[in-house]
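Notes follow once the structure below has been shown.
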Amino acid sequence: ATIPGTDPDAGDVLVGGHRDTWGTGVVDNESGWVSTMEIAAALGELYRDGWRPKRSIVLAGWDGEEYGLLGSTEYAENNAATLRAGAIAYLNMDGTAGRKFGTGSVPALDAVIRAVTSEVPDPGGKGSVYDAWAAASTGTPTPGRLGSGSDYTAVLQHLGIAAGDGGGGGGDA
Numbered sequence: 258a259t260i261p262g263t264d265p266d267a268g269d270v271l272v273g274g275h276r277d278t279w280g281t282g283v284v285d286n287e288s289g290w291v292s293t294m295e296i297a298a299a300l301g302e303l304y305r306d307g308w309r310p311k312r313s314i315v316l317a318g319w320d321g322e323e324y325g326l327l328g329s330t331e332y333a334e335n336n337a338a339t340l341r342a343g344a345i346a347y348l349n350m351d352g353t354a355g356r357k358f359g360t361g362s363v364p365a366l367d368a369v370i371r372a373v374t375s376e377v378p379d380p381g382g383k384g385s386v387y388d389a390w391a392a393a394s395t396g397t398p399t400p401g402r403l404g405s406g407s408d409y410t411a412v413l414q415h416l417g418i419a420a421g422d423g424g425g426g427g428g429d430a
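Residue numbers (the working numbering): 258 to 430.
Next comes the structure, spelled out in structure tokens:
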């Protein structure tokens, strides 16, 4: 699904999660797919109320992640020219179950992640997600660095588009 932006030159932001799973079921990755769908529902409600984002937002569900990143890679290959020309970032939702925030990203997204987590209430009810992240960190909270192994791989490593991977853990999903 795409929510059109008001500025066609501002670029697109992609959000996605894979729907397939093995072994851990809801944790990897029905939780990320449900998170993607919840983002879609919230943005859809805002859109119906008149809100319009500056950038277009593309929401996607992938299949075949567990068997070789098949769906997201095929999407990236089939849309490479369009993505290179217009996508500015991809947020991957993989393993968002649990109350303990975790993330990985490219360094260019660190400040954005810190700013956003500062605005989101912590599920534990003690300040923001950033506050809880900072309390569990030594020094300034910093996202881990992305390697490979999830649906951000094709857009980041093959197309050069900034990516982040949002998640949660802690065993109390």
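No residue lacks a Cβ here, since even glycine has one placed at the ideal position from N, Cα and C.
Reducing DSSP to helix, strand and coil, say where residue i ends up.
| i | result |
| --- | --- |
| Ser329 | helix |
| Ile448 | Coverage of the chain is limited to positions 258 through 430, which leaves residue 448 absent and any answer about it impossible. |
| Asn286 | helix |
| Tyr387 | helix |
| Tyr347 | strand |
Under a Cβ-count criterion, where at least 16 other Cβ atoms within 10 Å of its own Cβ denotes burial, should residue i be classed as buried or exposed?
| i | result |
| --- | --- |
| Ser376 | In the sequence as presented, Ser is not what sits at residue 376; that position holds Glu. Glu376 is exposed by the Cβ-count criterion. |
| Trp308 | exposed |
| Leu303 | exposed |
| Ser288 | buried |
| Gly263 | Looking at the sequence itself, residue 263 is Thr, so the reference to Gly does not match. Exposed: under 16 other Cβ atoms inside 10 Å. |
| Ser313 | buried |
| Asn335 | exposed |
| Ser241 | No answer is possible for residue 241: the residues shown for the chain start at 258 and end at 430. |
| Pro364 | exposed |
Just confirm the distance between the C-beta atoms of residue i and residue j, as a whole number of angstroms; I'd bet it's less than 8 Å.
| i | j | result |
| --- | --- | --- |
| Leu366 | Val412 | In fact, because the Cβ distance is near 13 Å, the residues do not count as touching under 8 Å. |
| Asp320 | Arg276 | 6 Å |
| Lys311 | Ala267 | 5 Å |
| Thr374 | Ser362 | Contact doesn't hold; Cβ gap of about 12 Å is too wide. |
| Ala420 | Ile345 | Incorrect: roughly 11 Å between the Cβ atoms, too far for contact. |
Just how far apart, CA to CA, sit residue i and residue j?
| i | j | result |
| --- | --- | --- |
| Ile333 | Leu416 | One detail in the question is off: residue 333 reads as Ala in this sequence, not Ile. Roughly 8 Å between the two C-alpha positions. |
| Thr395 | Thr360 | 15 Å |
| Gly425 | Ala342 | 32 Å |
| Val369 | Pro265 | 21 Å |
| Ala392 | Ala337 | 40 Å |
| Trp390 | Ala258 | 31 Å |
| Trp279 | Gly273 | 18 Å |
| Lys357 | Tyr409 | 21 Å |
| Thr397 | Val270 | 26 Å |
| Gly328 | Ile296 | 20 Å |
- Query: Do the region 286-293 and the region 347-354 make contact, defined as three or more Cβ pairs closer than 8 Å?
  - Reply: Segments in contact, yes.
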